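There are 2 protein chains.
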Amino acid sequence: MRQRLIESGINLFDEKGFTETSVEDITKELQVTKGTFYYYFKSKQQLLRDIHLGYIEYLLNNQEEILKDPGKDSKDKLRATIYMIIHSIQSQKKSARIFFREMRNLAPEYLKQNMEKRDLFRKNVQRIVEEGVREGCFEENLNTDMITRGILGVTNWSYYWFNPEGEVSDEELTDIYLEMILNGITKK
Amino acid sequence: MRQRLIESGINLFDEKGFTETSVEDITKELQVTKGTFYYYFKSKQQLLRDIHLGYIEYLLNNQEEILKDPGKDSKDKLRATIYMIIHSIQSQKKSARIFFREMRNLAPEYLKQNMEKRDLFRKNVQRIVEEGVREGCFEENLNTDMITRGILGVTNWSYYWFNPEGEVSDEELTDIYLEMILNGITKK
Chain A
16 MRQRLIESGI
26 NLFDEKGFTE
36 TSVEDITKEL
46 QVTKGTFYYY
56 FKSKQQLLRD
66 IHLGYIEYLL
76 NNQEEILKDP
86 GKDSKDKLRA
96 TIYMIIHSIQ
106 SQKKSARIFF
116 REMRNLAPEY
126 LKQNMEKRDL
136 FRKNVQRIVE
146 EGVREGCFEE
156 NLNTDMITRG
166 ILGVTNWSYY
176 WFNPEGEVSD
186 EELTDIYLEM
196 ILNGITKK
Chain B
16 MRQRLIESGI
26 NLFDEKGFTE
36 TSVEDITKEL
46 QVTKGTFYYY
56 FKSKQQLLRD
66 IHLGYIEYLL
76 NNQEEILKDP
86 GKDSKDKLRA
96 TIYMIIHSIQ
106 SQKKSARIFF
116 REMRNLAPEY
126 LKQNMEKRDL
136 FRKNVQRIVE
146 EGVREGCFEE
156 NLNTDMITRG
166 ILGVTNWSYY
176 WFNPEGEVSD
186 EELTDIYLEM
196 ILNGITKK
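Pasting the structure below:
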């Protein structure tokens, strides 16, 4: 039931917005009582927090797998990161949009927790870039902080437009973006 | 007065959200009557539309200047585009965030108008990339649509984190991103 309430929350928050959705909208959709909702969540805001946590922890867990793989050099890890984010659009699109759009509706203590995890994810990507610089695989004078934010711009923006069922697959889009980030678009 | 109502709307929509802001909140801040508001705008939604239009037309007007400059080749035009967007963060940050966040609160006919202008802006950037391919300055086999969306991901994402008063200036950030997009981060 908890999972069904979360899913219903994801659909309604994405469609109508957090403020515009009431607990009643959620329970009505599932044909359960409000008591059922409050058995699992203290408030609508706690449901929002759990949706946010679910999304960022999905990313962090997948990232951990990538980071600890001893067979991957920094280019491989960068590719795996870009693919992981783009591939997650299929299952996480709505959660991700809620994550980016409804952050200011989180209570301060939830927001802080959320930001820390988000920063950790970004810093981990930056570690990959820095590792590549140390290994002599990426340019020496990179501003690794700005470059990391640029890479995450490319991937995160795709949540707003990429259709995994469209002409370009998530594998292909990963290759297009990895190639641009690694080698640029200038004719060699 | 119209401009002051727009500015007050921008501040409140950005801070509290469109749905959470009433016409009264806006008029109270300016110490004017509701009648004053309705003299300039039919509804709160029309104010939102005008904020959206103001932002996208700011971008389109600046883009036109760049496109018609005969002294610029495609790399120059790409640089000018990236700089224009990053530079606009200082004056347009709040409008841009409202633009991306509150789009679904526009009435269907306003949304359509909005999307058309947004698509025009993106297609114009794509024309620069295509021109570069034709001139032999960019790689032949680029997927110009996906690359354009990637470039706009880098720039648009910066609305969410870039602080023009921070350590990196808008000129420097432009150079960092232009270099990544043109030549990549791999060590040459």
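Chains as they are written, first to last, in the numbering used here: chain A, 16 to 203; chain B, 16 to 203.
Using N, Cα and C, we set each Cβ at its ideal position, and we do this for glycine too.
Predicted model, so just to flag it, every value in this text is computed and none were measured.
Can you find the residues in the same chain that come closer than 6 Å, C-beta to C-beta, to residue i, ignoring five residues on each side of it along the sequence?
i	result
LYS59 of chain A	VAL38
GLN128 of chain A	none
LYS92 of chain A	ILE81, ILE143
GLU44 of chain B	SER23
TYR125 of chain A	ARG64
Of all the CB atoms in chain B, is at least one closer than 8 Å to the CB of residue i?
i	result
LEU20 of chain A	no
ASN171 of chain A	yes
VAL140 of chain A	no
ARG116 of chain A	yes
GLY168 of chain A	yes
ASN158 of chain A	yes
If the criterion is Cβ atoms closer than 8 Å, does the pair residue i and residue j meet it?
i	j	result
LEU193 of chain B	ARG94 of chain B	yes
ILE166 of chain A	ILE196 of chain A	yes
GLU117 of chain B	LEU63 of chain B	yes
PHE153 of chain A	LYS202 of chain B	yes
ARG133 of chain B	ILE200 of chain B	no
TRP172 of chain B	ASN171 of chain A	yes
ILE162 of chain B	VAL183 of chain B	no
SER89 of chain A	GLY147 of chain A	yes
LYS108 of chain B	TYR54 of chain B	no
VAL140 of chain A	THR189 of chain A	no
What is the C-beta distance between residue i and residue j, in whole angstroms, given that I count them as a contact (C-beta under 8 Å)?
i	j	result
LEU82 of chain A	PHE136 of chain A	Contact doesn't hold; Cβ gap of about 11 Å is too wide.
THR51 of chain A	MET99 of chain A	That belief does not hold up - the Cβ atoms of THR51 of chain A and MET99 of chain A are roughly 34 Å apart, past 8 Å.
ILE104 of chain A	ASP29 of chain A	The Cβ separation is near 13 Å, so there is no contact.
GLY24 of chain A	ILE66 of chain A	6 Å
SER110 of chain B	GLY69 of chain B	6 Å
THR34 of chain B	GLU35 of chain A	6 Å
By the criterion of Cβ-Cβ separation under 8 Å, what are the contact partners of residue i in chain A?
i	result
GLU180 of chain B	Here the premise fails: no neighbours, minimum Cβ distance about 16 Å.
ARG233 of chain B	Any property of residue 233 of chain B remains undetermined from this structure, which presents chain B solely from 16 to 203.
LEU188 of chain B	MET161
For a cutoff of 8 Å on Cβ pairs, would you count residue i as touching chain A?
i	result
LEU121 of chain B	no
GLU154 of chain B	yes
GLY86 of chain B	no
GLU124 of chain B	no
LEU74 of chain B	no
GLY32 of chain B	yes
ARG112 of chain B	no
MET161 of chain B	yes
LEU45 of chain B	no
Counting only Cβ pairs nearer than 9 Å, list the residues of chain A close to residue i.
i	result
VAL38 of chain B	Neighbours of VAL38 of chain B on chain A: none; closest Cβ ~17 Å, over 9 Å.
Run down chain D in chain order and give the residues with a C-beta less than 8 Å from the C-beta of residue i.
i	result
ILE196 of chain A	Any reference to chain D falls outside this structure, whose protein chains are A and B.
Cutting at 7 Å between CB atoms, please list the residues of its own chain near residue i, excluding the five before and the five after it.
i	result
ASP40 of chain B	LEU27
PRO179 of chain A	ILE104, GLN105, ASP185
HIS102 of chain A	ASP185
THR159 of chain B	GLN141, VAL144, GLU145, VAL148
By Cβ distance below 8 Å, which residues in the same chain neighbour residue i in space, the five residues on each side in sequence not counted?
i	result
GLU155 of chain B	VAL148
LYS49 of chain B	VAL38, GLU39, THR42
ASN120 of chain A	PHE33, THR34, GLN60, LEU63
LEU164 of chain A	The residue you asked about is not Leu; residue 164 of chain A is Arg in the sequence shown. Answer for ARG164 of chain A: ARG137, listed in chain order.
ASN77 of chain A	MET99, SER103
GLN18 of chain B	none
LEU157 of chain B	VAL144, VAL148
In chain A, which residues lie with their C-beta within 7 Å of the C-beta of residue i?
i	result
GLY151 of chain B	LYS202
Residue i touches chain B at which residues, Cβ-Cβ below 9 Å?
i	result
ILE101 of chain A	In chain order: nothing, as chain B lies at least about 11 Å away.
Using the beta-carbon of each residue, which ones in chain B are nearer than 8 Å to residue i?
i	result
GLU35 of chain A	THR34
TYR192 of chain A	MET161, GLY165
Return yes when the C-beta of residue i is under 7 Å from any heavy atom of the ligand FMN, and no when it is not.
i	result
LEU135 of chain B	Annotation note on the ligand FMN: not contained in the displayed structure, which lists no ligands.
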